[in-house]
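Chains as they are written, first to last, in this note's numbering: chain E, 12 to 80; chain D, 12 to 80.
Presented below is the structure to which this report refers.
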DNA sequence: GCTAAATGTAAAGCTTACTTTACTCTATTC
DNA sequence: GAATAGAGTAAAGTAAGCTTTACATTTAGC
């Protein structure tokens, strides 16, 4: 699953540290998400959508084919 | 986090078993989600939205206040 | 009231999301 | 050029999502 976190974070001029704090997660989590090492929980996805003022679907791009978990 | 899975599943006239199979998860997972014992992964949320032909936000209701994980 | 289908519970085990710590690398800036 | 900020890696540990199995309860039709 792809995401636009890095791009959207840059647009809001936030450091990874600042975004992490706003979300209540560690900086490692932000790094891992931006690097697409794993997918966020749905709760984190909702929080991100709230901060970036958009829909979850605007941040995360899910491709049908690949049966990810 | 609240969800409308049971309601939407009923609307499509699917059993828990059938929905589970369509999603590629176990029946236990469906039961646990409907009973709101835990939240789905974002992948599962996307799959549910696809099956129910709606947005993730139409299925799952996230309340700000409660700092869930 | 039996039967069978659908729903539910419980518990043990695996996988993945997330944390914590410690250390590296690159750019500024003073 | 030393110091600081921002981004990155690695690895070990905890927490939460999901599976599997086995058994209980509810509901509907006969």
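Backbone N, C-alpha and C fix where the C-beta goes; we use that ideal spot for every residue, glycine too.
Just so we're clear, the structure is a prediction, and the values are computed from it rather than from any experiment.
Residue 16 (chain D) beta carbon less than 8 Å from that of residue 59 (chain D): Your numbering for residue 59 (chain D) matches position 48 in the second chain. Your numbering for residue 16 (chain D) matches position 5 in the second chain. Contact flag set, yes.
Minimum Cβ-Cβ distance from residue 54 (chain D) to chain E less than 8 Å: What you label residue 54 (chain D) is simply residue 43 of the second chain in a count that begins at 1. For residue 54 (chain D), the answer is yes, since a Cβ of chain E falls inside 8 Å of its Cβ.
Extent of the continuous alpha helix (DSSP H) run through residue 43 (chain D): Working through the second chain from its first residue, we reach residue 43 (chain D) at position 32. Looking at the DSSP string, the run of the alpha helix (DSSP H) that includes residue 43 (chain D) is 38 to 45.
Among D:67, D:74, D:43, D:71, nearest to residue 73 (chain E) - alpha-carbon criterion: For the purposes of this step, residue 73 (chain E) is taken as residue 62 along the first chain, with counting starting at 1. Comparing Cα positions, the closest option is D:67.
Interface flag, residue 18 (chain D) vs chain E, CB-CB below 8 Å: To locate residue 18 (chain D), count along the second chain from 1; it is residue 7. By this cut-off, residue 18 (chain D) is not an interface position.
Separation of residue 53 (chain E) from residue 13 (chain D), as counted between CA atoms: Residue numbering aside, residue 13 (chain D) sits at position 2 when the second chain is read from its first letter. Residue numbering aside, residue 53 (chain E) sits at position 42 when the first chain is read from its first letter. The alpha-carbon of residue 13 (chain D) is positioned some 12 Å away from that of residue 53 (chain E).
From D:21, D:71, D:19, residue whose alpha carbon lies closest to that of residue 47 (chain D): Mapped onto the second chain, residue 47 (chain D) falls at position 36. Answer by Cα proximity: D:71.
Boundaries (first-last residue) of the alpha helix (DSSP H) holding residue 28 (chain D): Numbered from 1 along the second chain, position 17 holds the residue referred to as residue 28 (chain D). Per DSSP, residue 28 (chain D) belongs to the alpha helix (DSSP H) from 27 to 34.
Exposure label - residue 26 (chain E); buried when at least 16 CB within 10 Å: The residue labelled residue 26 (chain E) in the question sits at position 15 within the first chain. By the 10 Å Cβ count, residue 26 (chain E) comes out exposed.
Inter-residue Cα distance where the pair is residue 61 (chain E) and residue 39 (chain D): By one-based count along the first chain, residue 61 (chain E) stands at place 50. By one-based count along the second chain, residue 39 (chain D) stands at place 28. Residue 61 (chain E) and residue 39 (chain D): Cα-Cα distance of roughly 30 Å.
Proximal residues to residue 37 (chain E) (C-beta, below 8 Å), its chain only, five neighbours per side dropped: Residue numbering aside, residue 37 (chain E) sits at position 26 when the first chain is read from its first letter. Counting only Cβ-Cβ distances below 8 Å, and skipping sequence neighbours, we find 31.
Contacts of residue 32 (chain D) in chain E (Cβ-Cβ under 7 Å): Counted from its first residue, the second chain places residue 32 (chain D) at position 21. None at all; the shortest Cβ gap to chain E is about 14 Å.
Supposed contact pair residue 19 (chain E) and residue 63 (chain E) - C-beta distance, whole angstroms, cut 8 Å: As a working mapping, residue 63 (chain E) is identified with position 52 in the first chain. As a working mapping, residue 19 (chain E) is identified with position 8 in the first chain. Right, the Cβ-Cβ distance comes to about 5 Å (below 8 Å), so this counts as a contact.
Test: residue 67 (chain E) CB closer than 8 Å to a CB of chain D: To locate residue 67 (chain E), count along the first chain from 1; it is residue 56. By this cut-off, residue 67 (chain E) is an interface position.
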